[in-house]
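Quick note on numbering: this note's numbering labels position 80 of the sequence shown as 212, and the sequence is numbered without any gaps. C-beta: ideal position from N, C-alpha, C; glycine also. Here's the structure, in structure tokens; my notes come after.
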Amino acid sequence: PQWYPTVRRGDLIAKGYVGGLSSHSRGSTVDLAIAEPGKKGTTHPACGAPDGDTLDFGTGFDCFDPMSETSHRPLSAKAAANRKMLLAAMHAAGFRNYAREWWHFTLAKEPFPKQRFDFPVTAP
Numbered sequence: 133p134q135w136y137p138t139v140r141r142g143d144l145i146a147k148g149y150v151g152g153l154s155s156h157s158r159g160s161t162v163d164l165a166i167a168e169p170g171k172k173g174t175t176h177p178a179c180g181a182p183d184g185d186t187l188d189f190g191t192g193f194d195c196f197d198p199m200s201e202t203s204h205r206p207l208s209a210k211a212a213a214n215r216k217m218l219l220a221a222m223h224a225a226g227f228r229n230y231a232r233e234w235w236h237f238t239l240a241k242e243p244f245p246k247q248r249f250d251f252p253v254t255a256p
């Protein structure tokens, strides 16, 4: 499977790749990368490849695998530098990183740390 190449699907929650309750529903957690303006690429890369127009972070976005851990090594110098740049920018903005996912950040001083919100999602 593309998003979890070395982890059994049944182990994704137990190993911390997928939360039983998503921290995203508190409104203070985001998944993001840094994109290169004007660069075109694949939209659904293999887990070990960088996402379409993002900088090289060593894996694609949402790759549930040990190589996605923020401090995973070995990693190319370019991917390591990009992870370090994203981490520094997000820390400076008041976010903390989830160490298992280089792209996952939560506001350090969450206004609603225990609250989960349930909003209906509808198409326009």
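First and last residue of the uninterrupted beta strand (DSSP E) at residue i
i	result
Arg-141	It is not in any beta strand (DSSP E) - Arg-141 carries neither H nor E in the DSSP assignment.
Leu-239	236-239
DSSP state of residue i mapped onto helix, strand, coil
i	result
Leu-164	coil
Arg-248	coil
Ser-257	Nothing in the structure corresponds to residue 257, since the chain is present only between 133 and 256.
Cβ shell of residue i (< 8 Å), same chain only, five flanking positions each side left out
i	result
Asp-188	Pro-182, Ser-208, Lys-210, Ala-211 and Asn-214
Ala-240	Gly-226, Phe-227 and Arg-228
Residue range of the unbroken alpha helix (DSSP H) whose run includes residue i
i	result
Arg-228	Careful: Arg-228 lies outside any alpha helix (DSSP H), inside the beta strand (DSSP E) at 227-229.
Leu-207	Here Leu-207 belongs to no alpha helix (DSSP H), and DSSP marks it neither H nor E.
Which residues DSSP lists as bridging residue i, in chain order
i	result
Thr-186	Ala-167
Own chain residues within Cβ distance below 7 Å of residue i, not counting five before or after
i	result
Leu-219	Thr-202 and Asn-229
Residues near residue i in its chain [Cβ-Cβ closer than 6 Å; skip 5 each side]
i	result
Lys-171	Asp-185
Arg-232	Gly-148 and Glu-201
Checklist entry - With contact counted as at least three CB pairs below 8 Å, one residue from each stretch, are the stretch 154-161 and the stretch 240-250 in contact? => result yes
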